[in-house]
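Structure record follows, encoded as structure tokens.
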Amino acid sequence: MEFGLYYLRRKGIMNCLINKVGKIGKIKKWCIGFICCFLITASLEVLFNIHSILEGYEAVSVLSSMKERNDFGINIYKLELEEPIYIKSISIMGDFKKSGAYTLLLNEQNMFGKEIKSQEVDDFNAAYQIASTNINKKISSLEIQIGEDQGTEIQDIIISNSFEVNKYRCLLSFVFCVLFLLILFVPSMLKEKIAVFYVITSLSVGCLMILFAGGRYVAWDEEIHFSSVYKLASDYTVNWNKAAYMVATKNVPDSNTKLEAAEIRNYLNSEGCNWEKVEDKESLFVEYAKRPFIFMAVFYQLGKILNLPFTYVYMLGKLGNLLFTTLLIYIAIKIATRKKTFIAAIGMMPTVIFLNSTYTYDGTIIASLILGFVLWMNEMESDRKVDTKNLIFIIVLFVWGSFSKAVYIPVILLLLIIPADRFCISRKKVVLFKIGVIGVFLLLMGTFVLPAISNTVSGNLSYGGDSRGGDTSTVRQLISLLSHPVSAIKLFFANIFSLENMGNRESILVDNNEMMTNLLFLNLSSFGCLHEKWSILLLPILFLLFFVDSENENASVKIKFTTRISCGLVLFMVIGLIWVALYLGFTPVGSDYITGVQARYYLPILMLGAYICWNNKIISRMNSLVYNRIIFTGIAWLLFQCIYKLCLIPHYL
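In this text, residue positions in the sequence shown follow this note's numbering: the first is 1, and each later residue adds one.
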């Protein structure tokens, strides 16, 4: 017995468990693992329903027991209870003439028996005839207030504390149980199969994000991008069904309970069978900026062919984006000669998977530039001659990733850094190749710069600007900059290095977060952003990824100082173009600040920035397995917190 305890202390309980598991047959091991995940999921669901088990009751109509009155145009429904009871949720059914809000005044009893008054405001929508609010408190009395001017006719009010299996919560728990199982008990996933582990994480978590988003727009400008996908998935005639048109015009109701989410889903599916309008397309040619939407359009069209309900077709289009971007990053991890952990970790960050799982071109830009950079890094650090096929792939990937946002095209200039003696062609052909690279760079930059210059010369002051409104104009802004060159330089340097304009101004949850790292990696747009306190976990992970290698990492690779400087110049060019583009197109003319710059714009060039930081000065004594376990456990926990706190709790309880 004493020897056993000594052995556990010596080797560590986790290592002993892993060794024991390793001796079990592979099939048995997986069966035991999945059974454990299922049992943990079931146990968690029981814990979440503990109040329903101990003091549960089925849904009860209380409208007849409520006192009704009208005070100054407000209809009031009050329920007095003889004894405090636990109320999980309250549902109001009625004829809602128009969308509005109601107020809940609660007298709750806390765990110490003290009476506390609280107030909640919730919305109802005319699109469906039910509104629900999660209470999850012990209540002695409650009061519902609805404005008389809203024309609402209450038909029933129901309270409930019944045992309910939340499918969304169960799925979330099971997925992350499996991920932690892989991290802790399948060492091969964190060594030679990192790419496979990335795919499992990306697809499983990405599908969860697609499911939680449902038929709503949740990402930055997603309604605009969906409109482009919808048109691409049509021929010369674009038939808009009502549900799709509601998404494209941002008119889909929001929800904060799973009951309301189900109502919205049914409502959109029924409206998906009705037609709103028809418009014609002049050509089937796909604009360069919209080519990243092709894969989403293909999957969206597949859903239409299968005659699926609208919300399923909508989610299937997002799945096309997730599969394509996951494939690109998977290839990048597989072919990378080093830093596989870094690539997988960045690809698994919550914001990156979120962007890969929505209607947006950001995911394609990030994945394309990561894969292109990995190919470039392999060629730079290889002892053999440059592979011509890889050079072609690098150019294609950098161009493809810059189609939608030409501000990233300076990354193609990295090809100029490759030494001439590394090519297997004559120096003359090397010069011609590099001239060609510069030509591609200038060509794509021309799509960004020339229209603004030509319209400025012609005096077209209305050209450019934010299509959503405001005193914006690319031409007038450019004239203002040229008229005040010194002030323009001061403006850009002050804004770029202040790092104060990195938020998403669509969400209060994001506005209150000033940590750039959280806005960069833990930001789910309209779902919100994880609180600043989570940077305590995120920052050490980033420090390991950017500055520390495991002892198994190849430390023989040395990056020349001149290479770092060249990469830094390219990086600064991209950053400068991002800020210039946002000032010209989205900032009111003559402003002494720049609006619209968001942290996510730095994600595509993150690996370039990391390349400048990488060195062999700090090498930990951790082997790669321990190093990877620390990083992937931390990221998996951040992923779980993002979905649980930002997606599940506010919308699906």
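Backbone N, C-alpha and C fix where the C-beta goes; we use that ideal spot for every residue, glycine too.
Note that this is a predicted model, so its numbers are computed, not measured.
Relative to the alpha-carbon of Ala42, which residue among Phe163, Ile194, Lys26 and Trp30 has its alpha-carbon at the smallest distance?
-> Phe163
Local Cβ density within 10 Å of Leu443, reported as buried at 16 or more and exposed below that = exposed
CA nearest to the CA of Gly363, picked from Lys405, Lys26 and Val431 = Lys405
Just tell me which of Val396, Glu260 and Ile575 has its CA closest to the CA of Ala126.
-> Glu260
The alpha helix (DSSP H) enclosing Trp30, as first and last residue numbers = Lys26 to Phe48
For Asn307: DSSP bridge partner residues | None, per the DSSP bridge assignment.
Environment of Met111 [buried if 16+ CB atoms lie within 10 Å] | exposed
Are the CB atoms of Arg338 and Val557 nearer to each other than 8 Å?
-> yes
Go through the segment 522-574 residue by residue and report every complete run of the beta strand (DSSP E) that reaches 3 residues or more, in order.
-> none
What span of residues does the alpha helix (DSSP H) with Ala494 cover, start to end?
-> Pro485 to Ser498
Can you check the segment 121-171 for any beta strand (DSSP E) of at least 3 residues that lies completely inside it and give the ranges in chain order?
-> 130-147 and 153-161
With which residues is Phe238 paired in a DSSP beta bridge?
-> Note that residue 238 is Val in the sequence shown here, rather than Phe. Note: Val238 sits in a beta bridge opposite Glu279.
Look at the Cβ atom of Val238, then the Cβ atom of Lys281, and state whether they are nearer than 8 Å.
-> yes
State the beta-bridge partners of Asp387 as determined by DSSP.
-> Paired residues: none, contrary to the question.
Inspect the CB distances between the segment 97-109 and the segment 165-179 and report whether three or more fall short of 8 Å.
-> no
Looking at the structure shown, is Gly113 part of a helix, part of a strand, or coil, going by DSSP?
-> coil
Would you call the CB atoms of Leu538 and Leu606 closer than 8 Å?
-> no
Are the segment 182-191 and the segment 225-232 touching, with three or more C-beta to C-beta distances below 8 Å?
-> no
Helix or strand or just coil, what does DSSP make of Ile619?
-> strand
Where Asp95 falls, given that 16 or more other Cβ within 10 Å makes a residue buried = exposed
Could you tell me which of Lys231, Val352 and Lys88 sits nearest to Gly56, measuring between CA atoms?
-> Lys88
Return the first residue and the last residue of the alpha helix (DSSP H) that Leu413 is part of.
-> Careful: Leu413 lies outside any alpha helix (DSSP H) and carries neither H nor E.
List the DSSP bridge partners of Asn654.
-> Because the chain is modelled from 1 through 653, residue 654 falls outside the range shown and cannot be assessed.
Spatial distance of Glu263 from Ala213 (CA atoms) | 14 Å
Just checking my contact of Ala243 with Glu271 at CB under 8 Å: how many whole Å lie between their CB atoms?
-> 4 Å
Is Pro419 buried or exposed, if buried means 16 or more other CB atoms sit within 10 Å of its CB?
-> exposed
Sufficient close CB pairs (3 or more, under 8 Å) joining the segment 140-156 to the segment 65-78 | yes
When we look at the beta-carbon of Val574 and count the other beta-carbons within 10 Å, is it buried (16 or more) or exposed?
-> buried
Does the pairing of the segment 410-426 with the segment 377-392 give three or more beta-carbon distances under 8 Å?
-> yes
Which stretch, first to last residue, makes up the beta strand (DSSP E) that contains Asn628?
-> That residue, Asn628, is in no beta strand (DSSP E); its alpha helix (DSSP H) goes Ser624 to Gln641.
If you drop the 5 nearest sequence neighbours on each side, which residues of the same chain put their C-beta closer than 6 Å to that of Met209?
-> Phe354 and Ser357
Please name the residue or residues paired with Ser91 in a DSSP beta bridge.
-> Ser132 and Ile158
Counting along the chain, where does the beta strand (DSSP E) carrying Asn70 start and finish?
-> Lys67 to Asp71
Return the first residue and the last residue of the alpha helix (DSSP H) that Glu260 is part of.
-> Lys258 to Glu271
Residue range of the alpha helix (DSSP H) that Arg287 falls in?
-> At residue 287 the sequence reads Glu, which differs from the Arg that was named. Premise fails: Glu287 is in no alpha helix (DSSP H) and is neither H nor E.
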